[in-house]
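Enquirer: Sharing a structure with you now.
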Amino acid sequence: MEEVKRDQKSYLNFSKLLPSQWGDHFLNISIADSDFDVLAREMEVLTPKLRKNIFTFSSRDKDAMKRSILSIHILDSLGLAYIFEKEIVETLKHAFEKIDELITDENDLYTVSIMFRVFRIYGHNMLSDVFDRFKRNDGKFKESLMEDVQGMLSFYEAAHFRTTTDHILDEALSFTLDYLESLATDSKAIPPHILKHIQNALYIPQHQNVQVLVAREYLSFYEQEEDNDETLLKLAKLNFKFLQLHYIQELKIITTWWRELDHTKNLPPGFRERTFECWFVGSMMYFEPQFSLGRIMSAKFFLLFTFLDDVCDTYGSIPEVESVVNCLERWDPEYMENLHGHMKTAFKFVMSVYKEFEEILKSQGRSFALEKMIEEFKIVARTNLDLIKWARAGQIPNFDEYVEAGGAEAGSYATIACSIMGLGEIGKKEDFEWLLSRPKSVRYLARKARLLDDITDFEEDMNKGYTANALNYYMKQHGVTKKEASREFHKMIGDINKLVNEECLKTTNISRPILMQVVNFGRMVNILYTSDDLYNHREGKLKDYLTALLVDPIHL
1 MEEVKRDQKS
11 YLNFSKLLPS
21 QWGDHFLNIS
31 IADSDFDVLA
41 REMEVLTPKL
51 RKNIFTFSSR
61 DKDAMKRSIL
71 SIHILDSLGL
81 AYIFEKEIVE
91 TLKHAFEKID
101 ELITDENDLY
111 TVSIMFRVFR
121 IYGHNMLSDV
131 FDRFKRNDGK
141 FKESLMEDVQ
151 GMLSFYEAAH
161 FRTTTDHILD
171 EALSFTLDYL
181 ESLATDSKAI
191 PPHILKHIQN
201 ALYIPQHQNV
211 QVLVAREYLS
221 FYEQEEDNDE
231 TLLKLAKLNF
241 KFLQLHYIQE
251 LKIITTWWRE
261 LDHTKNLPPG
271 FRERTFECWF
281 VGSMMYFEPQ
291 FSLGRIMSAK
301 FFLLFTFLDD
311 VCDTYGSIPE
321 VESVVNCLER
331 WDPEYMENLH
341 GHMKTAFKFV
351 MSVYKEFEEI
361 LKSQGRSFAL
371 EKMIEEFKIV
381 ARTNLDLIKW
391 ARAGQIPNFD
401 EYVEAGGAEA
411 GSYATIACSI
421 MGLGEIGKKE
431 DFEWLLSRPK
441 SVRYLARKAR
451 LLDDITDFEE
461 DMNKGYTANA
471 LNYYMKQHGV
481 TKKEASREFH
491 KMIGDINKLV
501 NEECLKTTNI
511 SRPILMQVVN
521 FGRMVNILYT
531 SDDLYNHREG
541 KLKDYLTALL
551 VDPIHL
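Under the UniProt record's numbering, the first residue of the sequence shown is numbered 1, with each subsequent residue one higher.
This is the structure:
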């Protein structure tokens with residue numbers, strides 16, 4: 001009988017999340033249309049000059065072409081690449097056709113590493129054997145390389161583009177990591193801004209970091225570089241102020257919307273209200289100003305996802321959760337009357353948010369996107385029910401079976417679908433169909449999300465009696481300790497990173513903006529779970545990130 005009770009009812013111990021420290025902070029900031037217009041006009045003045053300086057050169061001038069590629073790296077790092085997307089794509093296409101010519105006599109570690117990174121970022125498979133030239137006859141990397149700090153840092157960053165066949169990059173990562181970790185402990189050896197830049201890279205390499213955080217960090221670094229381009233620096237500052245205005249305006253809209261919803265007046269005590277965190281997730285998927293509506297829609301979706309997850313995990317018996325899932329399968333508001341209490345509130349919330357999406361997508365002529373989002377949400381609901389049943393029955397599923405289901409339950413596929421929905425006319429029907437086919441890159445990242453989430457939340461899950469955790473299942477299935485399981489998980493994650501890099505270099509009919517949503521999802525997962533579960537802990541890194549993006553001033 002006790003086992004039956006445990007199976008039927010939620011027995012978890014949830015503590016209410018502390019109120020957001022931001023409160024009305026952004027609601028009290030006044031933003032006028034003229035604020036956007038002033039910045040946009042200033043940016044329009046600088047852009048043509050930079051376009052000419054960076055992208056106008058003779059195709060026969062190898063040095064000019066290399067300088068252009070190095071400038072593309074800076075544009076990308078400063079979050080300006082979207083302004084020059086067409087020029088970047090064309091320049092790299094022509095440059096890669098002459099790759100052998102460009103690198104034949106190039107022996108500068110910094111230049112080769114940057115070129116390697118830029119080409120691979122944009123899908124050109126520059127071979128890693130280009131780094132053989134930096135080895136001695138005995139196969140070891142030359143010690144003289146360690147005299148070039150910037151070169152070693154760029155080599156370290158390049159190593160994170162490794163695939164399963166880039167064995168030299170495995171060696172490079174070990175070589176540069178040892179050097180940079182040693183350097184990072186000696187604050188007197190290098191200028192403070194370079195030291196900070198190295199520490200940021202050691203925490204999360206640029207390729208594994210989200211673009212908007214890279215842009216903010218790199219702006220601070222580039223400003224202190226003696227040889228910076230003043231015009232480029234000014235455009236970067238104007239651009240980030242422009243982004244900040246968009247972000248603050250979005251938060252004002254989302255916060256007001258949330259507070260005006262009927263169901264928020266009677267939130268259950270275990271509910272985790274995460275308005276700012278949900279917006280932050282959207283900003284990590286796409287940071288550019290033209291995707292403002294996409295970030296707002298994403299924030300609403302993640303608030304919805306969180307609400308349903310909390311209600312089912314904390315307050316629903318298995319029959320009640322099954323009732324909600326059945327209602328979602330039918331997707332008909334009339335079935336709401338079969339639900340009660342928080343379950344009814346949750347279903348009503350789902351219907352209201354999707355109604356908003358329907359109106360927006362209909363106006364865009366993209367009703368197909370709503371159909372696909374509904375389909376993905378049903379998958380999340382079904383897999384969530386499976387995990388709840390496993391946890392409450394004390395069942396121990398096969399580890400791989402759990403990770404596969406857990407990747408869907410964590411919202412991996414739905415998150416990417418939501419970001420495609422928010423791309424506007426860029427997101428086509430075939431892109432959703434591609435996602436529903438579960439391509440390898442997406443499956444790999446869903447697995448990574450589940451592993452990282454469960455490593456981070458293991459102690460908390462065990463303390464509250466929630467046994468559906470990958471680390472827990474792996475320990476039991478293989479009879480190993482937590483330390484041994486964690487070590488194996490990190491190895492799996494490293495292998496996944498290689499496989500995703502590999503998939504991104506393969507020829508595909510899917511457009512670059514769609515592929516970037518997959519890449520950005522992987523980056524978002526890194527940010528959420530590298531040091532702590534940012535989604536559930538409001539202090540520390542999360543506060544630092546939001547302060548850097550939204551509060552810290554940009555001085556022109």
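Positions of the beta carbon are idealized from the N, C-alpha and C atoms, including for glycine. Remember, it's a predicted structure, so these values are computed and weren't measured experimentally.
Considering only residues of the same chain and omitting the five flanking positions on each side of Asp7, which have a CB-CB separation below 7 Å?
Expert: Here Asp7 scores only 46 on pLDDT, less than 50, and its place in the model is too uncertain to base an answer on.
Enquirer: If you draw a straight line from the C-alpha of Ala201 to the C-alpha of Ala189, how long is it?
Expert: Distance from the CA of Ala201 to the CA of Ala189, rounded to the nearest whole angstrom, comes to 17 Å.
Enquirer: Enumerate in chain order the residues of its own chain whose CB-to-CB distance from residue 573 is below 7 Å, with the five nearest sequence positions on each side excluded.
Expert: Residue 573 is absent from the model: the chain starts at 1 and stops at 556.
Enquirer: Are the region 155–174 and the region 132–145 touching by the rule of at least three beta carbon pairs closer than 8 Å?
Expert: yes
Enquirer: Give the DSSP-derived three-state secondary structure of Phe357 in the structure shown.
Expert: Phe357: helix per DSSP, three-state reduction.
Enquirer: Could you compute how far the alpha carbon of Ser154 sits from the alpha carbon of His555?
Expert: 28 Å
Enquirer: Check whether the region 312–328 touches the region 379–391, counting contact only when three or more Cβ pairs, one atom from each stretch, lie closer than 8 Å.
Expert: yes
Enquirer: Taking the alpha-carbon positions, what's the Thr467 to Asp148 distance?
Expert: 49 Å
Enquirer: Assign Asp457 to one of two classes, buried (16 or more other C-beta atoms within 10 Å of its C-beta) or exposed (fewer than that).
Expert: With 16 or more other Cβ atoms from the protein chains shown falling within 10 Å of its own Cβ, Asp457 counts as buried.
Enquirer: Using 10 angstroms around the beta-carbon of Glu277, count the other beta-carbons present and answer buried if the total reaches 16, otherwise exposed.
Expert: buried
Enquirer: Can you tell me whether Arg6 is helix, strand or coil according to DSSP?
Expert: With a pLDDT of 43 at Arg6, under the threshold of 50, the modelled position of this residue cannot be trusted; read the value that follows with caution. Note: Arg6 maps to helix in three-state DSSP.
Enquirer: Report the residue from Leu70, Asn107, Glu101 and Tyr473 whose alpha carbon sits nearest the alpha carbon of Ser59.
Expert: Glu101
Enquirer: Examine the Cβ distances between the region 78–94 and the region 203–223 and report whether three or more of them are shorter than 8 Å.
Expert: Cβ pair count under 8 Å is three or more, so yes.
Enquirer: Looking at the strands, I want to know which residues DSSP matches up with Lys135.
Expert: Phe141
Enquirer: Answer yes or no: do Phe347 and Leu339 have a C-beta to C-beta separation smaller than 8 Å?
Expert: yes
Enquirer: When the Cα of Gln521 is compared with those of Arg51, Arg450 and Tyr545, which residue comes out closest?
Expert: Contrary to the premise, residue 521 reads as Phe rather than Gln in this sequence. The residue with the shortest Cα to Cα distance from Phe521 is Arg450.
Enquirer: Helix, strand or coil: which one does DSSP assign to Asp386?
Expert: helix
Enquirer: Pick out whichever of Tyr545, Ile426 and Leu445 has its Cα sitting closest to the Cα of residue 622.
Expert: Given that the chain is displayed from residue 1 to residue 556, the structure contains no residue 622 and the question cannot be resolved.
Enquirer: Could you check how far apart the C-beta atoms of Ser298 and Gly407 are, in whole angstroms? I think they sit under 8 Å.
Expert: That belief does not hold up - the Cβ atoms of Ser298 and Gly407 are roughly 19 Å apart, past 8 Å.
Enquirer: Under the three-state reduction of DSSP, which class applies to Ala32: helix, strand or coil?
Expert: coil
Enquirer: Return the residue from the list Gly424, Arg438, Ile426 and Trp434 that minimises the CA-CA distance to Ala405.
Expert: Arg438
Enquirer: If you reduce the DSSP assignment to three classes, tell me which class Val480 lands in.
Expert: coil
Enquirer: On the premise that Leu27 lies in contact with Thr275, defined as a C-beta separation below 8 Å, what is that separation, rounded to the nearest angstrom?
Expert: In fact, because the Cβ distance is near 11 Å, the residues do not count as touching under 8 Å.
Enquirer: Using only alpha-carbon positions, find the residue among Glu375, Gly424, Arg443 and Gly427 that is nearest to Val403.
Expert: Arg443
Enquirer: Do Asn501 and Phe116 come within 8 Å of each other at the CB atom, strictly closer than that value?
Expert: no
Enquirer: Given a cut-off of 8 Å, decide if Leu70 and Ile103 are closer than it, judged by their beta-carbon atoms.
Expert: no
Enquirer: For Lys52, which of Asp37, Asp35 and Thr91 has the nearest alpha-carbon?
Expert: Thr91
Enquirer: Would the region 283–295 count as touching the region 303–315 if we require 3 or more Cβ pairs under 8 Å?
Expert: no
Enquirer: For my contact list, Thr345 and His263 are in at a C-beta cut-off of 8 Å; report their separation, rounded to the angstrom.
Expert: 5 Å
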